[in-house]
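Written below as C-alpha cells is the structure these notes are about.
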C-alpha cells in the first residue's frame, strides 16, 4: 500500500532561513494530524505538500506523487482548506464553491450540483445564496470546507479547521470531518493547535518542533497498547483484594486513599475485577481506562526535543 | 453527496480539459461584469463612435445620399476613407479602450487578493500563468470588442461599398489595425492587472491606472524641457502608441505634427510599450504568490 506521506530528508528554506530541517519519516494512516507550537513549520509543510514551496533538499511525496515534480497531478487529488480567510466576498456561497469546483475541472452542471450538495452537507444550505462576505467566522470556515470537498478530492488538507468556531460549531465540524473520513477512502491531513481535534479525527500524528520532527506517533497503536491499564479508586480495599487481582494475573500498585493501578493481561476482562471486588465487599468508586492521551504524547515529544514548556 | 442523503461521496464523473480551465475565470468575470448597468452603458458608449463611423462610410460611398445632403463637389473630398480615416478611428477607439480598461481591470484580481482566495486557485491543478491568462482574456476580449474588431468590420464595410478594387489596394491596413490594437490591448491589460494585484481598493486602482498614463508623461515633458531632448516622450505611452499607429498606417507626418520635429524611432516606441508590459509582468509575478504567512 502506498504511504500517505513520505518525507525524505525534506528541507525548505524561505528568505534565507531554514524552516524545515531534514524531515524524514513515513506516515501510512489515512488520517494524519499535524501538531506543533507556533513557528514549528506546520504551514510550511502544508504549503510544500501543495507545491507552493520548492524543497531546497530532499523531497516529500503524497500518495506516491512528488510534491515538486508531480505538483499538478498531486493538486488534482487535493482539497485544501487554508487557515486564513480565503473567499471571494461578493460571490454567493454556492457560486463561490461552484467556481472552485469548475477550476478543479468539473463541468459547469456537475460543479453546480456538487456545490449545492457540499453546501447542504456542511450545514449551510439556508445561507448558500448569501454573499460569502456576510458570513460569520464559523460559516466562512464551513464554506472553505465545502469548496475543499466539492470536487471530491482524494486528499483533504485542513489547516486549523476549527479556528474561531464556538464549541457547538467546532463539534459539528469535527463530526463532519469524521464522517467524510468514514464515508470514503479520502486521506486526511489535519493541522491544528487543538490536541482534541487531532485526537478525535486522526489515527497518526506528526509532531513538529523548530522545523524538525519531534515525534511520529500512531494513535491507534497507542490506544491499543494502553487498553488494559486501569486506575481504580476504591473504598474498603484490603490486601486480599490486590492479592486476588494478582491471582488473576494482574499487576497492582497501591497508593494512598484507596487508589490502585492495575495492569491486566489480555485474558482478564474488566467484569472479573468487579466480581473480585463484589466478593470482598470492596466499593469501586471510580474506574478509568488510563491511557497516554495525545497531550501526554505531545508533551513527552516536546521534552525529548528539549522544549522548555511544550506550550502550544 | 446527494442533498437528500447528506452523505459525502467522492466525484467520479468526467473532467474538463486542463487547457480550457483558464476560461472559467473569464466566464465568471464576464457574468459579474454584465450584472453592472454602468458597465453595459460604458460598453455601449465605447461602440457608439464605430456606429457613427459606419454611417460616415455609408455616406462616403453613396453619391445619391451626398446629392440629397447637397454636399458640394469640393467638399466631397471630406468623405474620403483612407489610412488617415482609420488612424482617427483607431485613436478614438484606443481612448475608449483605455476608459473601459480603467473600469474593468482594477476589479479583476483585487477581489481575489483582498480576502486571500488566491491559494484556493493555486492549490488546484491551476498555475499562476493560467490565472493571469484567464484574467487577461477578460480584458483581451473586451478591449478587442472596441478596437480591432469594429475597425475590421468598418474596413469590411468600406471594402464592400467601395467596389473598385479598394480592398486590394488597402488590404495592408488589416495588419496595422490588428497589430497596433494588439500591443495597446496587451499594454493596457497587463498594466491594469498589475495595478489590480498591487492596489486592492478599486477606486485607488482606477486612479493609479490613470496616474501611470499621465504622471510619467508629464515627467517626460519636464525632462524634455530641462535637458533639451525629446526622449522623455518615451514615458508618454499614449504618444508612443500614436507613433506606432501612424507609422503602421504609413502616415508619419500629416496627422502628427510633433513627429516631424521630434523624431522618435518606431523601435523606441515599441520598446517603450514592451517595457511597460514587462514591468507589469514583473509586478504580477511578485504579487501573485500562493504561499501564506509563515509565522515564527
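Chains as they are written, first to last, in the working numbering: chain G, 13 to 324; chain D, 496 to 791.
Quick reminder that beta carbons are idealized off the backbone N, C-alpha and C, glycines included.
For clarity, every value in this text was computed on a predicted model and none was experimentally measured.
Relative to residue 765(D), the option among 682(D), 695(D), 708(D), 704(D) whose CA is nearest is 682(D).
Chain order gives the chain D residues near residue 159(G) as 615, where near means a beta carbon separation below 7 Å. In the DSSP assignment, residue 73(G) is bridged to 18(G), 78(G). For residue 266(G), the pairing in a beta bridge is given by DSSP as 272(G).
By the beta-carbon neighbour count (other beta carbons within 10 angstroms, threshold 16), residue 67(G) is buried. Taking 8 Å as the Cβ-Cβ cut-off, the stretch 195-219 of chain G approaches chain D at 195, 196, 197, 198, given in chain order.
Listed in chain order, the positions of the stretch 591-608 of chain D with a beta carbon within less than 8 Å of a beta carbon of chain G are 606, 607.
Counting only the Cα atoms, residue 156(G) lies some 21 Å from residue 197(G). For residue 38(G), the uninterrupted beta strand (DSSP E) run begins and ends at 29-39, by DSSP. For residue 53(G), the CB contacts under 7 Å within the same chain, skipping 5 residues up- and downstream, are 31, 32, 220, 223 in chain order. With respect to residue 692(D), residue 604(D) sits close: the two C-beta atoms are nearer than 7 Å. From the beta-carbon of residue 620(D), the residues of chain G found nearer than 8 Å are 84, 85, 87, 88, 116, 117.
Contacts with chain G at 7 Å (Cβ-Cβ) include residue 511(D). Leaving aside the five residues that flank residue 582(D) on each side, the residues in its chain whose CB is nearer than 7 Å to its CB run, in chain order, 740, 741, 744, 746, 750. Residue 301(G) and residue 518(D) have their C-alpha atoms some 58 Å from each other. Taking the C-beta atoms as reference points, residue 611(D) is found no nearer than 7 Å to residue 100(G). Under a criterion of Cβ atoms nearer than 7 Å, no residue of chain G is adjacent to residue 767(D); the nearest Cβ is some 34 Å distant.
Taking every protein chain shown into account, the CB of residue 663(D) has fewer than 16 other CB atoms within 10 angstroms, so this residue is exposed. Residue 526(D) sits exposed, since fewer than 16 C-beta atoms from the chains shown fall within 10 Å of its C-beta.
Of the other Cβ atoms in all chains shown, fewer than 16 fall within 10 Å of the Cβ of residue 713(D); this residue is therefore exposed. The same chain holds no residue with a CB closer than 8 Å to that of residue 82(G) once the five nearest residues on each side in sequence are set aside. From the listed residues 65(G), 230(G), 158(G), the smallest Cα separation to residue 137(G) is found for 158(G). Taking 7 Å as the cut-off between beta carbons, the residues of the stretch 50-67 of chain G near chain D are 50, 51, 55, 56, 59, 62, 64, 65, in sequence order. By the beta-carbon neighbour count (other beta carbons within 10 angstroms, threshold 16), residue 152(G) is buried. Judged by their CB atoms, residue 75(G) and residue 14(G) are nearer to each other than the 7 Å cut-off. Cα atoms of residue 708(D) and residue 778(D): separation of roughly 17 Å, rounded to the nearest angstrom. Beta-bridge partners assigned by DSSP to residue 171(G): 203(G).
For the set 191(G), 143(G), 213(G), 165(G), the Cα lying nearest the Cα of residue 172(G) is the one of 213(G). For residue 98(G), the closest Cβ of chain D is nearer than 7 Å. With a contact defined as Cβ atoms closer than 8 Å, residue 165(G) and residue 89(G) qualify at about 6 Å.
The beta carbon of residue 587(D) sits closer than 8 Å to the beta carbons of 544 from its chain, once the five residues preceding and following it are set aside; these are given in chain order. Classified as exposed, residue 558(D) has fewer than 16 neighbouring CB atoms from the shown chains inside 10 Å of its CB. Counting along the chain, residue 60(G) sits inside no beta strand (DSSP E); it lies in the alpha helix (DSSP H) bounded by residues 54-61. By the Cβ rule, the stretch 103-117 of chain G does not count as touching the stretch 181-197 of chain G, because fewer than three pairs are nearer than 8 Å. Nearest Cα to residue 534(D) within the set 731(D), 638(D), 728(D): 638(D). Rounded to the nearest angstrom, the Cβ distance from residue 44(G) to residue 247(G) is 44 Å, too far for a contact under 8 Å.
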